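Quick notes on the structure that follows.
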Amino acid sequence: MKLYKGKIPVIAHDVVAKLVDEGDVDLTPGMRAEAEMDLQSIMNNYLRQERRLNNIVRDYIADYKIEYDRRGEIRREKAKEIGHPIGDRVMPYLATQFNRMIMNSPNFDEVYSEDNVIRSKIFDVLRSNNVNEAELREEAKARLSNLDENSMEYQIRYREAIADVRRRRGLT
Numbered sequence: 041m042k043l044y045k046g047k048i049p050v051i052a053h054d055v056v057a058k059l060v061d062e063g064d065v066d067l068t069p070g071m072r073a074e075a076e077m078d079l080q081s082i083m084n085n086y087l088r089q090e091r092r093l094n095n096i097v098r099d100y101i102a103d104y105k106i107e108y109d110r111r112g113e114i115r116r117e118k119a120k121e122i123g124h125p126i127g128d129r130v131m132p133y134l135a136t137q138f139n140r141m142i143m144n145s146p147n148f149d150e151v152y153s154e155d156n157v158i159r160s161k162i163f164d165v166l167r168s169n170n171v172n173e174a175e176l177r178e179e180a181k182a183r184l185s186n187l188d189e190n191s192m193e194y195q196i197r198y199r200e201a202i203a204d205v206r207r208r209r210g211l212t
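Counting along the sequence shown from 1, when you hit position 24 you're at 64 in the numbering used here, and nothing is skipped either side.
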């Protein structure tokens, strides 16, 4: 799962709404917005750590003059070193953090369901808000059908097209 800044308020709202509507939790009266902000803070912190990881990887590649095609391998290695979840570990990490926040936040008045039930519902919301990266790439490629994929101009325009698609979909 890749988490986008534009999806953070939507995910937080959906998680709180699902748990409240299905009777899993009660909110402290008038504290719905604060409860959503609690969950948003978890996701914002995750994105901060993601930027930190990207900076570490970029600096490491530059310092040791490593070829860029090894970036994924180095990223996995550095993520493991700093304890930052990536790839398939993002959803379980966020679900665990949300669950902990729900149990400890004063904005959630009462919790009626067990942890595994709440985690399952959080997973449902995260899955429903997951962005299909392949679809984004295909849409960006469709805009560049007149360029040769091996050219430098294609690479530059492809990055611009991806950024534009993400911006139009409200992801950034």
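Heads up, the beta-carbon is just placed ideally off N, CA and C, and yes, glycines get one too.
Small disclaimer: the values here were computed from a predicted structure and weren't measured.
Report task. Could you spell out where the beta strand (DSSP E) holding L67 opens and where it closes? Result -> For the purposes of this step, residue 67 is taken as the residue at position 27 of the sequence shown. Here the beta strand (DSSP E) through L67 covers V65 to L67.
**Report entry** Alpha-carbon spacing of I82 relative to Q137, whole angstroms
**Finding:** Reading the sequence shown from its first residue, position 42 is the one you call residue 82. Reading the sequence shown from its first residue, position 97 is the one you call residue 137. One C-alpha to the other measures close to 7 Å.
**Report entry** Other residues of its chain near A180: CB distance less than 8 Å, five sequence neighbours each side excluded
**Finding:** As a working note, residue 180 is residue 140 in the sequence shown. Y198, A201, I202, D204 and V205.
Requested in this report: Give me the Cα-Cα distance between L134 and R72, rounded to the nearest whole angstrom.
Outcome: As a first step, residue 134 must be located in the sequence shown, where it is residue number 94. As a first step, residue 72 must be located in the sequence shown, where it is residue number 32. Rounded to whole angstroms, L134 to R72 spans 19 Å at the Cα level.
Query raised in the report: When the Cα atoms are used, what is the spatial distance from I158 to N139?
Result: On the sequence shown, residue 158 is found 118 positions in, with the first residue counted as 1. On the sequence shown, residue 139 is found 99 positions in, with the first residue counted as 1. In a straight line, the C-alpha of I158 is about 7 Å away from that of N139.
Query raised in the report: Quick one: is K42 buried, meaning 16 or more other Cβ sit within 10 Å of its Cβ, or exposed?
Result: By one-based count along the sequence shown, residue 42 stands at place 2. So K42 counts as exposed.
Query - Candidates V65, K45 and V55: closest to M143 by CA position - result: For the purposes of this step, residue 143 is taken as residue 103 along the sequence shown, with counting starting at 1. Of the residues V65, K45 and V55, the one whose Cα lies closest to the Cα of M143 is V65.
Requested in this report: Starting from the Cα of A75, find the closest Cα among R111, A57 and E193 and give me that residue.
Outcome: As a working mapping, residue 75 is identified with position 35 in the sequence shown. Nearest Cα to A75 within the set R111, A57 and E193: A57.
Query raised in the report: Using a Cβ-Cβ cut-off of 8 Å (strictly less than) and excluding sequence neighbours within five positions of I96, which residues of its own chain qualify?
Result: Counting from 1 along the sequence shown, the entry for residue 96 is found at position 56. Once the five neighbours on either side are set aside, the close Cβ partners of I96 are K118 and I122.
**Report entry** Between the CA atoms of E175 and I51 - distance to the nearest angstrom
**Finding:** Translated into the one-based positions of the sequence shown, residue 51 becomes position 11. Translated into the one-based positions of the sequence shown, residue 175 becomes position 135. When rounded, the distance between both Cα atoms is 20 Å.
Query raised in the report: Under the DSSP definition of a beta bridge, which residues are partnered with V56?
Result: Here residue 56 corresponds to residue number 16 of the sequence shown, with the count starting at 1. The partner list for V56 (beta bridge, DSSP) is empty, contrary to what the question assumes.
Query raised in the report: Are L166 and H124 closer than 7 Å when you measure CB to CB?
Result: Here residue 166 refers to the residue found at position 126 when the sequence shown is read from its first residue. Here residue 124 refers to the residue found at position 84 when the sequence shown is read from its first residue. No, Cβ-Cβ distance for L166 and H124 is not below 7 Å.
**Report entry** Backbone CA spacing between K47 and S145 [nearest angstrom]
**Finding:** Here the question's residue 47 lines up with position 7 in the sequence shown. Here the question's residue 145 lines up with position 105 in the sequence shown. K47 and S145: Cα-Cα distance of roughly 22 Å.
Report task. Tell whether a beta-carbon distance below 7 Å holds between N147 and D78. Result -> Residue mapping note: residue 147 aligns to position 107 of the sequence shown, counting from 1. Residue mapping note: residue 78 aligns to position 38 of the sequence shown, counting from 1. Against a cut-off of 7 Å, the Cβ pair of D78 and N147 comes out as a contact.
Requested in this report: Give the straight-line distance between the Cα atoms of R111 and Y100, rounded to the nearest whole angstrom.
Outcome: Here residue 111 refers to the residue found at position 71 of the sequence shown. Here residue 100 refers to the residue found at position 60 of the sequence shown. If you take the alpha carbons of R111 and Y100, they lie about 10 Å apart.
Query raised in the report: When the Cα atoms are used, what is the spatial distance from P49 to P69?
Result: The residue you call residue 49 lines up with position 9 of the sequence shown. The residue you call residue 69 lines up with position 29 of the sequence shown. The alpha-carbon atoms of P49 and P69 are separated by roughly 20 Å.
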